[in-house]
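In the working numbering, the protein residues as written are 94 to 171. Scroll down for the structure; my scribbles are underneath it.
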């Protein structure tokens, strides 16, 4: 039987925390963009909405990347 490395739980918890940080940005970004699209001064809501949407994608990518690193990287590459 091959010696399969186990999941690094500390790195896994960091990845899950980063995914949890992305959830508010996934909600706030589209809400602010929607409010900005219907208002007289859209720049006030559109700029933070777009920034939050980008941050949501970045946090989600980093979280998934960290979770995959915890599962598939060996102790030599950590």
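Cβ atoms here follow ideal geometry from the backbone N, Cα and C, with glycine treated the same way. All of these numbers come straight from a predicted model, not from anything done at the bench.
Worksheet item: Do the segment 100-115 and the segment 143-155 meet, that is, are 3 or more Cβ pairs less than 8 Å apart?
Response: yes
Discussion item. Just to check my reading of the structure: residue 126 and residue 143 have Cβ atoms closer than 8 Å, yes? What is that Cβ distance to the nearest angstrom?
Written reply: One-based indexing of the chain shown puts residue 126 at position 33. One-based indexing of the chain shown puts residue 143 at position 50. Yes, they are in contact, since the Cβ atoms of residue 126 and residue 143 sit about 7 Å apart, within 8 Å.
Worksheet item: How would you label residue 165, buried or exposed, when you count the other beta carbons within 10 angstroms and need 16 or more for buried?
Response: Residue mapping note: residue 165 aligns to position 72 of the chain shown, counting from 1. With fewer than 16 other Cβ atoms within 10 Å, it is exposed.
Worksheet item: Is the CB-CB distance between residue 159 and residue 108 below 8 Å?
Response: Numbered from 1 along the chain shown, position 66 holds the residue referred to as residue 159. Numbered from 1 along the chain shown, position 15 holds the residue referred to as residue 108. Going by C-beta atoms, residue 159 is nearer than 8 Å to residue 108.
Practice prompt. Out of 104, 162 and 139, state which residue places its alpha-carbon closest to the alpha-carbon of residue 128.
Written response: Against the chain shown, residue 128 aligns to sequence position 35. Checked all of 104, 162 and 139; the closest Cα to residue 128 is 139.
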